[in-house]
Structure formats: C-alpha cells, structure tokens
Amino acid sequence: MNILTLFVLIPVLTTLAIGFTKNMKQTRLVSAVGMSIQLILAAILVFMYLGERNAGNTAEMLFTYDALWFPSLNIHYAIGVDGISVAMILLTAIVVFAGIFASWNMDFLSREFFISLILLATGVFGFFISIDLFTMFLFYEVAVIPMYLLIGIWGSGPKEYSAMKLTLMLMGGSALLMVGLLGIYFYSAPSGGQLTWNLLEISKITIPIEMQRFLFPFTFIGFGILGALFPFHTWSPDGHASAPTAVSMLHAGVLMKLGGYGAFRVAIFLMPEAAQEQAWIFLLLTSISVVYGAFGAIWQKDLKYINAYSSVSHCGLVLFAVLMMNQTAFNGAILQMISHGLMTALFFALIGMIYGRTHTRMINEMGGLMKVMPFLGVVYVIAGLASLGLPGLSGFVAEMTIFFGAFQHTDSFHRILTIMAISSIVITAVYILRVVGILLLGPIKDDHYLHLEDAKWHERLSTVTLVIAIAAIGIAPLWLSDMINVSLGPIVDKISITGFQFVSLF
Amino acid sequence: MTGTIPLQYFLIISTLMFFSGIFGFLTRKNLITMLMSIELILNSVNINFVAFNRYLYPDNLHGHFFTLIVIAVAAAEAAVAIAIIINIYRNFRSIEVDKVDEMKF
Amino acid sequence: MNSEILFFLLAGMILVFSILTVTTRRILRAAVYLLFVLVSTAGLYFMLNYNFLAAVQLTVYAGGIVVLIIFSILLTSHISERAKMAGKFQGVMSALAVVAGATLTLITILNYSFPAKSLNEVPSDVKSIGRALVSYNENGYALPFEVVSILLLAAMIGAIIVARKEKTADKNIK
Amino acid sequence: MTINDFLLMRHEIMLVLIALILLIVDLNLKPTQKPWIIPVAMVLFIIHIIVGFLPAPEGTLFGGMFRSTPLINMMKNVLNIGVFIIMLQSYTWIMKPENREKMSEYFVLMFSTLAGMYFMISSGDFLMFYLGLETATIPMAALAAYTHHQTKSAEAGVKLILSSALSSGILLFGLSLIYGSTGSIYFTDVAASFGAAPMQVLAFLFFFSGMAFKISLVPFHLWTADVYEGSPVNVTSYFSVISKGAASFILILILYKVFFQLIEVWQNVLYIISVLTMVVGNLFALRQKNMKRFLAFSSIAQAGFILLGMMAGSQMGMTSVIYFVLVYIFSNLGAFGVVSAIEAVTGKVEMSDYNGLYRTNPRLSLLMMLAMFSLAGIPPVAGFFGKFFLFTSAASAGYYWLVFIAVLNATVSLYYYLMVVKAMFINKSDEPIAFFRSDNMTRAGLLLSAVGIVVIGFWSQVYEMINNLSVGLF
Amino acid sequence: MTDYTYTLLIPLIPLALFLFTGLTGHKFKPVVSGLIGTTGLFVVTILSYMTAIRYFWTDHVEGMGYTSLKAFETTWIHFSDKLTVNLGVLIDPISVMMLIVVSTVSFMVHIYSLGYMKGEVGFARFFSFLSLFTFSMMGLVLATNIFQMYIFWELVGVSSFLLIGFYYTKPSAVSASKKAFIVTRFADLGFLIGILMLSFMTDTFDFQTLVSPTGPAITQVGGAAFLGLSGITWALILVFMGGAGKSAMFPLHIWLPDAMEGPTPVSALIHAATMVVAGVYLVARLFPVYSLAAPDALHVVAWVGGFSSLFAAIIACTQTDIKRVLAYSTMSQIGYMMLALGVSGYGGHDGLGFMAGNFHLFTHAMFKALLFLGAGAIIHAVHSNDMKDMGGLRKYMPITHITFLIACLTIAGIPFLSGFFSKDEILTAAFHHNMPLFIIEFAVAGLTAFYMFRLYFSIFWGKETHYHHTPHEAPATMTIPLLILAFGSIFAGYLPFHELVTSDGMPFEAHIEYAVAIPSVLIGLLGIAIATIMYRKQTEIPQRLATGFGYFYNWAYHKFYMDEVYLFVTKKIIFNYISRPVAWFDRHIVDGFMNLIARVIERSAYLIKGFQSGRIQQYGFVFVSGTIALVIIFIYLW
C-alpha cells in the first residue's frame, strides 16, 4: 500500500476504533495511539522523501498513486507529495498529536469529540496528499464540517453563533472555490483532449487568459476565506474564541493553512498569468490584513481574540507572500504556514490550559500567573516570542524569508506594501508583550490563583512537542527550507515562462 | 358540416373558455364551484384537440382520443375531488375555500 | 350558412354560460350553467362530425360529472345559499391576470400560421373508433384505454377511502 | 404477448398485478388478519424489484406509445428502491389501529400511482404521458387525505387535487397547442417538426408550468409545503422523492428528446426558474419550525439544483440528474424516515421537539445528521457527490455564475440543515424525546437509507452505470 | 593563518550554560547554577583573551595590517540563489576588542552577581539569562554577516527584555522591559529594512564583501535617489536607526533610563558596557561603507550622536536616581562614540575618529561597568536608588568609595586615566572635522564632570543620613570585580589602540593634541569644582539654581517630556485612535456586514412569507401569473 494512503486510512481506522471504546480513558488512549502512529509515519515520510531526493529522484511528486475513480469525469484518487506537502503533513501530524494531549481530559461526550477531531484531521491529511482537484476539494470540505459540531457542542460562549458563522463563511468560500475548480477542469484541455482534474497535468497547459481572469478571483478568494483574507476573516475571531482548545489548535494551526496552501497550489500555480495581473488587488487586501490584524489584536481583551487577530495578521502574511510570486516569497509562505501553525497551536493549547484553571480568558482579570504556573508561563512567553519573530524560533525564519522575497520586487508599489507588512512585526511585539505583561507578569491579581496547579504531564507533552518543533525550525531551518525550495522549482518555472510584468501602480 | 368557419374561431372560444375557467378558479369561494371551473378548463382543452384534429389533421384521431381520455380523467378527478370535498365538509363544516388555510407560511 | 348560424349560436352560449358559471352567486345555478356549456360543447363536437365524442361528452360529462357535482352541492350547501364572492382586490387582480393571459395567448395563437389541412382523412365513425381503441399498433389506443381503467379503479378506491365514514371519524370534527 | 414484451413492460404489469392481488387478498381477509397484507405486499414488491433488475431489453410497444430502454428501466429501478424503503418505514404508522382498516388501500393506491409514474416515464406520446401523470396524481390526493379525521390531511388532499387539476389543465392546453402545431402526439413526430415559433414556445411554457408544478419549482410550488405538512409522513416522503423523481425523469427525457430544438428557450427558462426555486425554497425553509414543512421547503430548494443538471443538455447532465435523484431519494428518505419514526411513536414533529435527541436516541440522530449533511452536500456522504456532479454539468455548459449562485444557496441551505443538527446535538432539552426502539421493519428502512447515503457517493460504479445509460440531446 | 575554530566555543559555552541552567536550574541549590555559570564565563574569558593575544600579537606579522578572517562558517538558510545566510565567527580587530569587553565585563558581573543576587528568588534563572545574554552578545560580536548580526541583535534584545523584567512581579519592571523591547524593536524595523535594501543592492550579507573597498556596496553605489539621497544612503541611515535604538540615541533613548528597573549587575553588563554599544559596533562594522559610499549617512550619525550626548548630559544633571544618572551618562558617552565615528574619515590618520570611537567604547565599558557595579554595591547597602536617601557613605564603604571615585575621575577626563585618552582623541577628531560638534562636545565634557561629581558627592559626602540599617561594605564577591574594573579603568588608556583598531586595519601615528587636551581637562576640572561647591556640603545652591533655571530645569528634570510624547503616541494615538477604531471597525463594519447579510436573508424570508398564505386561490394566482410572466419574458421580451 502506498504510504500516503495510510495517512487517510489510519485516522479513519482510529475513528472506527474509537467507536468501540467504552469510556473516556479508552477513547483517549486509542486516539493517542492512532495519532502517535500518524506522527511517526509523518517522520518516516520525511526521511523517505529526503532519501528519495538524495537518491536523485527528481520527479515533481513522489510516492504517487493514481486510481481511476469516476472514469467518465476523469476523476482520480490521485495522491503524491512534494517537499511542500511533506512539510505540511509533518505540521499536521505534530499539531494533531499535540491536540489530542491538550484535550486529554475531555470528559463530555469524549468519543464523539475525538471522532470529530480525528475526522477533521483526516480531511486535512487527505487535502495535503491530493493532487486531484476533486479529491482535494472533497477532503477540504471534510475538514471544514466537523468544526461545526466541535465548536457547537464542546465550545464555550456564544458557541452556536460562532460555529454557524464559521461554517457558513467557510462554505461560502467553498462556493467560490467550486466555481473556480470547475472552470479549471473545463479548461484543462484547451487544445482538445481529455479534461483532467490532475494538478500536474493541468500545470502543463495554459488556461486561456480570459478564463483565468474570471476564475482566479474565485479560486483565490475561495481559498483565501479559509486563510483569513481581509475582509472575509471575521469568522476567525468568533470561531476561535468559542472553540474548545484542541479545535482551536487544529483549526488555526492546520485548517487555516489549507487556505494558503490551496491558494498557492491551485490558484497561483495553475493560473499564474491572471495571478500576476490581479495580484495587486489581493496584495492590497493581504497587506491590510497583516497590519489590520495586528492592530485589531492590540485592543482585544480576550486571549483567544488576541490570538485570532494575530492569526489574521500572520495568515495574511502567508497570502501576501504567495502573491509576491517568486521563489523566496513562496518558500517564506510555506515556512510561515508551518511556523504559524505550530505557534498558534501552542498558543491555543496554552490558552486552553490557562482557561481551564482560571475559568476566564479576560486578560485584565488575570495577572502574575508566571508565579503560580511557571511552566505554562515560560512556554507562553516562548510562544509569544515565536509569534513576534524572535530569531531561533520558527516565526523569524518564515517572516524573514517572506520579507526578502517580497523585497525582490523593485517597484514602489510592492516596496511600500512590503514595508507595511514588515512594520507589523513591531505591532506584533506590542500586543504580545502587552499580553505577557498583563497575564503572566506583575503581581497576582486574585488570591484564588495562588492554588492553581502547573501543567500536568499530558499538557507538558503537548506543549513541549510544539516548542521543540518551533525551536527546531527556528534554529536549523536549512533542511526544511531546502526541501521546500527544491519542490518550488517546477512551480517557479511554470510561472516564469509566462513572462508577464507586474502591474505597477506608481 | 363546419362550412366556412375558420379554425381560429374555435381557438378563440376555447381560449376564452379556458381563461374564464381560470378566472373562476381564482375567484370562486366555494370548493365545488372551483371544481366546476376546472371542468371548464378541461373542456376548453377538449375543444382545442377536437378542432385541431378535424381542421388540420384528419389523417389521425389523436385529438379525438385525447379528448376521450381527458373526459375520463376528468371524471376520475371529479370523483376524487368531490370525495375530498365531502371530507373537508365533514372536517370543517364548510366548503368555503378561505376556511381551508390551516397550514400556511 | 346554417352551420355558421349554429356555430355562432353554440359559441355564444358557450361563452356566455362559461362566464356565468364563474360569476353567478348561486352555486346551483352555476352547475346548471356549466351543464349548458358542456351541452353546447357537445353541439360543437356534433358540428365537427365527432358524433361518438359528442355522445360521450353528453353522457359522461353532462350526465355523470354534473350530476355528481349537483349532488355534492346539495349535500354540502343549502339550495338558496348564495356563494360569497371574492374580495375586490382578489377579483381585480385575477381579472387582470386572466385578461392579460387571454390576450397574450390569443395574439400568439392567432399569429401562428397553422399547417394546411392534411389530405388523407381517416373515418371517424364508431366502427373505426372502436377498432382504434383496441388496436395496439401505431395509432391504436389500447394502452391508454387500459391505463385509464387503472386510473378509474384507483380513483374509485381513493374516493372510497376518503369519503368512507369511520367509527373514529367523528371524534375530531370541529 | 411475448416474453420480450413482458420484459419491456414488466414494471407496470407487475405493479398492476400486485395491486390486484392485494385487493383480492384483502377481500378474503378478516379484519383481524389485516396485517397479513404487509408481508404479502413486501414479498410481492421484492419480487417486483428483482424482476426489475433483470436485463433490460430496448424497444417500443403499442405502436410507440410505450417504450423502454435500459435508461428508463434504470430510472424505474431507482424509484423502486425508494418505494421499498418507504414501505419499510411506514410499517409503524400503518400498524396504528386507525390505519389498519385501510392498509391494503394504502398499498394499492401507492402501487397504482407508481404504475402511473412508470407509464409516464415510459410514455412514447403525450397521451400516455398525460395519462400517466394523472394516474400518478389523482390517487395521490386520496393518499394525502388518507387520515381523514385530521383536518390537515383533508386540507392537504383538497389543495393537492385542486392545484394539480389547475396545473394539468394548463399543461393540457399546452399539449393541445403542441398537437395543433405538429399534428401528432408521438414524441418522435413532435420532435421532428417542433420549432421555436412563438406559439410553440407558448405551448412549451404551458407544458413546462404543469411539469414545474409536479417537481414543485417556484413559482409553481406553493401547494408543496401545505400538502407535505398535511399528509401522513410516509405519503409525504413518497411525494417528495418518488413523485418528484419520476417527474424530473420524464421532464429531462422530454426536454432532451422532444424539445431539443427549443434548447435556447428552455435553458433560459430553467436558469430563471432554478435561481428562483433555490432562493425562495431556501428562504422559506429558513423559517420553518415543523419538520415536515421544513423538509418540504428543503425539497423545493433541492429541485432547483436538479434543474442545473438538466440545463446542461448533455449526457453528463442527464447522468447527474439521475444520480442526484438517486442520492436524494436516500437522503430524503433518511430524513423522512427519522421524522416518521418519531412521529409514529411520539406524535412530535416540531423541530424544537428534537432538542437533545442525541442523548436519548443517538442512532436516529446520527442518521438524521447524515441525511442533513447529504442534503446539504457535505462530503463524504453521497449528497456531496450528487451536488458536485450537478454543478459540474452546469459548468460544462458554461453556467459558472449559476453554479456560483447555486453553491451560495447550498451554503444558505446548510444553515437550516445545521439547525436540525444543532437541535439534536447541541440544544439542551428538559424533556427530550424518550428513548424508543422502532420495529424491525422501520429499522431496516432506516438502515437501508443510511447505507445508501454513505455508500453511493464513494461507489463510483453507480455513477458510471448511470452514465453509460444516459443520453444527451439528439 | 592560524586556526581560530576554537572561538566557536566562545558563544557556544554560554549557550550550553543557558540551556543547562535554564532547564535544570531548579533541580540544584541556586548557588550551584551561579558557580557553574561563573566557571563557564571564566573559560570564555580565557578564550577571549587568548584570541586577542594571538590575533593582535602572537600571530600578527609586524608592519602588516590586521585582516579579518572567518574562523568558522556554516549555511543557515538560503533566501534565494544569491542571498544565503551563514552563521559563523568573524575575527577582526573590532570583534576581538569587543570579545575582550564582553567577556571581561560579563565575567565581572557574574562574580559580582554571586554576591549581589544572593538569596534572591530566581537566582538560577538570573544566571541562565546572563548566559543567554552573553551568548547572544558574543554571536552579535562575532557575526560574519549583517544578517547574523540581526539575528543576534534580536536575541540580545530579548535577553535584555528578560533581564530588565527579572523582577517580574514588579509592575514598573514589567513595563520597563516592555518599553525597552518595543522601542528597540521599532528601531530594528529600520535596521531590517536597511538590511533588505543593502542586501538587495549588493546581493550579499557578508561583512567582508560589504566593507571591502572594492566590494559591490562601495563601488556600485546603487539604488535610485529618493529625497535627494542615494539608495545606499537611505539603507545605511535605516541601519543606523537600528543602531540608534539599541544604543539609546535620541529620540529612541527613552527605554534606557527605565531599563534601570533591572537588577544592577544587569545594568552594568547590558545597559552600560555591552549591549548599548552594539549600535556603535554596528556602525563601526560597516564603517567603510558609511565612509566611502554614504558620507551623508555618516553625518546623520555624527549629529545624532552629538545631540544625544548633550541632551543626555543636561538631563543627567537633574536626576536624583543614581542609576538613572548613570543611564543618561551612558547615553551621553555613547553619543560621544557615535560622534567620533561620524566625524571620522577612512584610512590613516583620517580614521582617527573611528579609532577614538572604539577606544572610548573600550574604556567606557570599564569605567561605566565599574560605576554601575559601585552603584549596585551602594544600593545593596542602603536599599534605595535615590541619592536623597544617601550621603556620607564614604565612611561605611571605603572600597566602593575609592573605586567609584576612580571611575568618576576617569569619566571626567582627568589626565592619565583611561577616559582622558579616549575622550581626547574624540575631541581631536571632532575639532578637525566638524567645529560645531566639537563645541557641543566640549560643553558636554564639562557637564559630564559636573554631574558625575554631583553624584559622587551626594552619595559619599553631603548630608549625614540616618540609615535604618547601618550600611556596610559589600562582600568580597562584589568588591573584587570593583577593584579589577578600577584597574582596567585606570590603565586601559595605555593600550595602543591606534595600532590595533583602525578604520582600514593599518596602524597610524596618534598623539595627544594639546590645543584640545588642555581646554578639555580644564573644563572637566571646572565641572568638578562647581560640583564640589554645590554638593560637597549640603547647601542651598542647587535649590536656588533649580528655581533660577525655572522652566529649563523642569524640562530637563522631566527628561524634556520625551516619555510623555511617547506615551501620547502609543497610548493615545496607537491605542485609541488606531487600534480601537480598527477593532471597532472589524466588529461592527466588516463583521457587521457579514451579519447584515444574514439578517437581510432572514428578513427577506420573513417578508415573502405572505406568498405562502395557505389559500389555494392565491397559489393558483401565483401559478397563473408565473406562467404568464414566463410567456411575456420568453415570447415578447427575449
């Protein structure tokens, strides 16, 4: 069996196994085992992938497997990975693993919770391994829908409202996406021949430019909504705020990456000409997103809202980089996805753990928590530092790559937007330090907090996994960035043959 | 036997009959009178079929038989409709159409 | 010439009684007017030389359905009862729609140039009709004839189960 | 009559026979033995289904008035499965004391309307088409008014019979004009000489209005909700899936085979009507509190999606329509099955009664959730595939904006489908519907629809099989 | 060429110490962590000195210039096919000089802290942070390329943040650490953009390539002109912005005084001797580019430096918190260094300013660390920062007193102490290149002497204060570093800097220019004299002077209201006028729009419900109208 299929199969089997469990203890054990296997598998995949590459395999996608599914529509179950997908799969495996342990004590309908959670993960894994647009879209929606239940049942606050809003907005996004994908399919053989959903095959042809102009916005915004593109990001603060811990982790950490990945893999890759023509509009939106999200975060009082806005800012950077359309920026975008995925998952994990102890997420009701829960405090600071781009942690690597990529454009339009985007790192510092200052430092606000316990073993495991990943990328980014770079080659080639110049406004 | 009467005259009659039937359906307040309007409509259609058959396509009997079948169907329809109307009368003690609006919106 | 006078007489009756059927306030009268319309229509069929059809029209329609209707009227209303008329708004709107519809339809139909009369003609006497009715070849109508019997059977059963009184039926009557 | 002729007409002949057998059996049963009707009907119907799956020859009978092709045969098989599920699901309801008396009539009426539909689908001329249509409709009114001690049921019956009479009157007027302009009622002849003159367009539009009534397209849909709400649940599910499915089948066949020269017109008509249908259906569904009424409007909105497939005017379009109807049968029957099971036991049909259902009846809730997801077009259940293929065929004809509108509407529809899910899974209730076990028949019916919802999407052979049989325009 | 790979250990040992004490520190007795850290630092110091000796003397061929060499280099990440970030160790005169400074002061501070921090909560944490800082600073100093420098630049920033906020339960410390981080972060924004521009124009990060007189940065002075300055000038000004932030140059200095909330050894290490001079080091690193490719940028450096030194000196005269006085003094002295670099030319004697700047950096590190550690000892003894609470301490703390006095004399530029030499060189350089700046610096020299002795007298002389606990001399762990540093302060001036650290690596002749030296010594003495009169005994004069200067005094006392300006910008403008509206806009306009869509749908659903009136006739009406509408559309309108 193809190793990639296992990535879908194992979660599905895990959910089935969970169906037979009797109580929370068994359920979480089964989940943990399943997702540990998944994590190990992801690590194996990375090594296998690097091994293949070192052995001189230069195919665009490795470990491909192709089974005809709906012959009349030429729909295949086609899977394969390149460096980018491998990286995303690793990210997902890590975050899901951490997520399971972060929700170790989920005692309310625990079976259903873990099933939904792992189902969500299934969708994400499937999405990343797909190279057939149909299967990709299928997995995309599979990943989105469990969110409703996860937030609606296990959430807090105005959970029904948030869950509904999130689901509907994301589905609205997939409405756009559907149009884009169908358009791509029907123009996948402009000079006659078999239409195809296969990414790689479509990438070999040029979709007629008039169609691209029409389809690109659909596809890009469609994915962009999941990637929190301004002004379609408002599902994110409410959704994250209401979601339970592990769900926020998975959602912000992984699911939102589907948006960036898709925008890159589908919209930009298949329709580079239109992308270049229209990039400026979306660049404006994304750079607004970056700054706006950061400013929005400053004013928030709820920890989750802060992080949600921060995600808007960081994910905006992903799309921003994707639209810069050069290899460095693409690399930065992927790195940023991974980095943001890890650190935002860490953030949400911590917020969940803090909330579980103090029963509030309002920063002004807390204070001095470092004293009572040093472990969580320190990890929170690390997450914050990663978020504000401290060297040695992953955020820095990603942001720098993006900025250097973006700066390769010489016209003032791109330059100004780049500088705008860069300025967000200061704003980020402001809100991160504000939170750290109010939440962790200073005197203890409430005497009740004196009796709070520090992290338990599963919480430590969950957070430490993420911290290690963040630091590993931050300290030694070369292997990751090179793995991505190699895979970016064909994509950049495809884009550069088009020979369009950016529309310069200035 | 039709002499010089053009086909169109028949069509005009049938159309007017058809629309007066519809008018009746839309305005009569009694379920049975509504049913009567329906009979008007069906009847007008029959005139159409017959006229076409005789005037244009005497080489077949389609219009003729269509009419025949429509008459039969109309009878069946009337039977069931009247049964239901009687049932309505039992339930509502009235066969006024405006009273039959328990389900709405 | 005779036929034309007859036609206009029938046409006039049909139109007048059609309109009266849908406008009269007395229900029973409406039924009688309907009867007139149906009978006049049968007259038209005679004119068009479809004698069998005319006979069926008289027996089934005029004889069957109208009687059924009159019975049900007698069952559900008082003879002297005057039907309520539609509200002004409803009446005007319906009239507008109907007039517009009739006008459009008439214009469209009258502007259409129908094909010329086909030359060969099949007989429409009872014998050939009877033959066609049981023929299962082209232009045979055995199948509709059979199916309509199914329909009538089903309608009968349906009418029975709906109209049949039950022991429990009276319980919920308002 | 040769064996081949029987095979061509097997569905219709079998159904009529079954109906007659049931009538005869019923006459010979004492009132206490009435329940025997059910196994008899079941067994006979199973035989019918099996016979239906025998290899299908292609041919015409009665001089072209009846025709059968593997495609038509398959359409009938699809409907057969749906009817079987409905029969299973109606067990609890039919066994109620007040319905026992009329048990055999229920089956007889159902089978005769089904036979009417099959005649309609198989019709080779407008006369048979009309006759089939009426056979499928008139006894339905009796079914709608089945529980006649309930005012709602009677109201449903009268609304159905009067509205459908009006609609078939208008449809007939259209047919008469078609006859007037072509001189024939046979599809093949009509198709050959039917053009796009204004009167022919008029005739087509009258015809289409009548069909739109059957499929409940906006603005010809208004009867739907009231009739669905008033009728017994199982009759409603019969309406919403079988009746609607059959009408869709014949509409697409006629559009493709007879009116293909009017394609410009009917594509545009369908465009407008489908947008209206989706939007209005959704807007009404949003506000509904009664499950049956809610499902009625949802099924109106679903009908709007079906049009997308029809519009393509291609083999792909037809495949997607048939496939969608198949999926829709399972999904809607899943939903109606749950509603029926709950109503039969507790009499509750309001959405608020479903609050907290998951805690007491998890399996029913899960099935309901699957059905809702399938109706909303959420993967991995079959509804996703059905909708996706519909959209694909619409896009293949270049209707990208329509697809966009449709998917947006699907999103809105997701809202109200999720409201049901929310009621069952999220909302708390002080007195939820207590746990109950349905009888085995009902359970089998529910299980069948659940299996269908889950399996049909992934099982691409189903789609391919339909696709191999489907045809495009001439 | 000799192998210097072992220098890799210089940053790595502190890193190891940081990880070790950080992860396992709570498992041991606190003092163990301290001892481990100090031992490690001792090794680092030894290595640093060894490197310096080898580089400057042992391995040096007489008469040749000092070249820079890479002891170690590895690829960190590829940005593009042209731009690659390496991590490595660069050995050249200024980095070796900085090694000495950092390792010496850090080692001293480690020893000192063993005593100073004894019994504090978080003793281990303190030492692990110190190690982290040392690691970062070493990495910064040894950076082979500007991007590596930026990496460690940020790390130093965060160590500074952590150390300032060491007493994290104290709100003032928390806000000071925040302020320090954010202000420098803001400055780093400029640095980063500068790097982006520079690397874009030159396709390299590497210092050796950048500063090479034949390298792309200098020969292909590229970039479109913007506002009359070339691209490279802008790039360098932006880079300098980063340096100005770290080095607390006006107007980015506001974090430095507040940073004194940190433990005093930290102030000595980070905010006096090492980190704050990183800006100077940065400019010195890129000096050839500044000098040869963008003299305009160098002017900016000079003027910012000059103005800052005056500005800070004035404020220092009015402050009463002894650490703040020292902080402003630091700022003032760094201004000197910047100015020195700014007025310097490239090569030979023209490069006097460059040499002088680095020289002053070196000597300043010694005496300012000494001052801070002395201040720490005093604070340790009297438990207060405010000079109003002090007085007459010379009796209780003789060693502190003496060493403090030495430091004061050094900074005042009294001849034969190290400060004299370095400051004199700076004044000479300014005198030759830029007269207005010379005059400013001349005045600042007097002010410096004045406020230092104001401080000195207020602490050790002046009124007799009654202490709750009788102050006593600090323990040996604290006094020994004081003595060592005093030694350094006295004799560091005799190092032949003009031979070792020059702008182009070649030695040149330098001598004392009496025309500058004598007046500057005199004005220093004048300052001391005034301070003696005013503060030796408790007098009315300061009060009268303060009222005499009135507004000016008040302005200076309130640090020219710079904090208030910043507060206005951050709290009022960013918080209230940007962030709050953004948050509001997001909730009410953007999200409101989404909710509006939902509401419109809901509302229209309500509005059209009348169609479903439940009346058959209306249904029929709609049906018929629908058909007629279709007819109208498709027959008559299409």
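One line per chain: the protein sequences are A, B, C, D and E, in this order. If you count the first sequence from 1, you need to add 3 to reach this note's numbering. If you count the second sequence from 1, you need to add 18 to reach this note's numbering. If you count the third sequence from 1, you need to add 1395 to reach this note's numbering. If you count the fourth sequence from 1, you need to add 3 to reach this note's numbering. If you count the fifth sequence from 1, you need to add 24 to reach this note's numbering. Every residue gets a Cβ at the ideal spot worked out from N, C-alpha and C, and that includes glycine.
>> 8 angstroms is my cut-off, CB to CB: does B:V91 come that close to chain C?
In response: yes
> Exposed or buried, A:V506, counting other C-beta atoms within 10 Å across all chains shown (16 or more means buried)?
Replying inline: Only weak support exists for where A:V506 lies, its pLDDT of 38 falling under 50; the value from the coordinates is given anyway. Burial call: exposed.
> Can a CB atom of chain E be found closer than 8 angstroms to the CB of A:D485?
Replying inline: yes
> Are any of the Cβ atoms in chain B nearer than 8 angstroms to that of C:K1569?
Replying inline: At C:K1569 the pLDDT is 37, less than 50, meaning the model places this residue with poor confidence; the figure from the coordinates comes in the next sentence. Chain B, which has a Cβ nearer than 8 angstroms to the Cβ of C:K1569, makes this yes.
> In terms of residues, what are the limits of the alpha helix (DSSP H) holding E:Y630?
Replying inline: 615 to 631
> Hey, does D:I41 have any beta-carbon neighbour from chain A nearer than 8 angstroms?
Replying inline: no
> C:A1497 by DSSP, collapsed to three states: which one?
Replying inline: helix
> Using DSSP with H/G/I as helix, E/B as strand and the rest coil, what is C:D1520?
Replying inline: coil
> Taking just the CA atoms, how far does D:L370 sit from D:K260?
Replying inline: 38 angstroms
>> According to DSSP, simplified to helix, strand and coil, what is D:S198?
In response: Here residue 198 of chain D turns out to be Gly, not Ser, going by the sequence shown. Note: D:G198 maps to coil in three-state DSSP.
> For the region 96 to 117 of chain B, which residues have a beta carbon sitting closer than 8 angstroms to at least one beta carbon of chain D?
Replying inline: V98, A99, A101, I102, I103, N105, I106, R108, N109, F110
> Quick one: what does DSSP say E:N409 is sitting in, helix, strand or coil?
Replying inline: coil
> Which value, in whole angstroms, describes the spacing of the CA atoms of B:I50 and B:I113?
Replying inline: 8 angstroms
> By Cβ distance below 7 angstroms, which residues in the same chain neighbour E:D587 in space, the five residues on each side in sequence not counted?
Replying inline: I278
>> By the DSSP assignment, the beta strand (DSSP E) with E:G112 in it spans what residues?
In response: 108 to 115
> Among A:V489, A:L185, A:F350, A:G256, which residue has its Cα nearest to the Cα of A:M139?
Replying inline: A:L185
>> Using the three-state DSSP reduction, which class does D:V384 fall into: helix, strand or coil?
In response: coil
> Can you name, in chain order, every residue of its own chain whose Cβ lies under 6 angstroms from the Cβ of D:L480, other than the five neighbours on each side?
Replying inline: With chain D represented from 4 up to 477, any question about residue 480 of chain D goes unanswered, as that position is not in the structure.
> Is A:V384 closer than 8 angstroms to D:V406 when the C-beta atoms are compared?
Replying inline: no
> For D:A397, is the classification buried or exposed, using 16 other Cβ atoms within 10 angstroms of its Cβ as the cut-off for buried?
Replying inline: buried
> So is A:V36 buried or exposed if we call it buried at 16+ other beta carbons inside 10 Å?
Replying inline: exposed
> Okay, do the region 343 to 363 of chain E and the region 505 to 516 of chain E touch, 3+ Cβ pairs below 8 angstroms being the bar?
Replying inline: no
>> As an exercise, report each continuous alpha helix (DSSP H) stretch of at least 4 residues that is fully enclosed by the region 75 to 118 of chain D, in chain order.
In response: 94 to 97, 100 to 103
> By Cβ distance, which residues of its chain are closer than 7 angstroms to D:V54, with the 5 residues on each side in sequence left out?
Replying inline: R13, M17
> Taking the C-alpha atoms as reference points, what is the distance between E:G551 and E:G371?
Replying inline: 35 angstroms
> Are D:V489 and D:E101 close, meaning C-beta to C-beta below 8 angstroms?
Replying inline: Residue 489 of chain D falls outside the range modelled here, since chain D spans only 4 to 477, and no answer is possible.
> So with Cβ pairs under 8 angstroms, would you call C:T1416 a contact of chain E?
Replying inline: no
> Name the residues in the region 115 to 131 of chain E whose C-beta lies less than 8 angstroms from a C-beta of chain A; which are they?
Replying inline: none
>> Taking the beta carbon of E:T298 as the centre, do at least 16 other beta carbons fall within 10 Å, making it buried, or is it exposed?
In response: buried
>> Is the beta carbon of A:V294 closer than 8 angstroms to that of A:M423?
In response: yes
>> Tell me whether the region 196 to 209 of chain D and the region 139 to 156 of chain D touch, counting them as touching only if at least three CB pairs, one residue from each stretch, are closer than 8 angstroms.
In response: no
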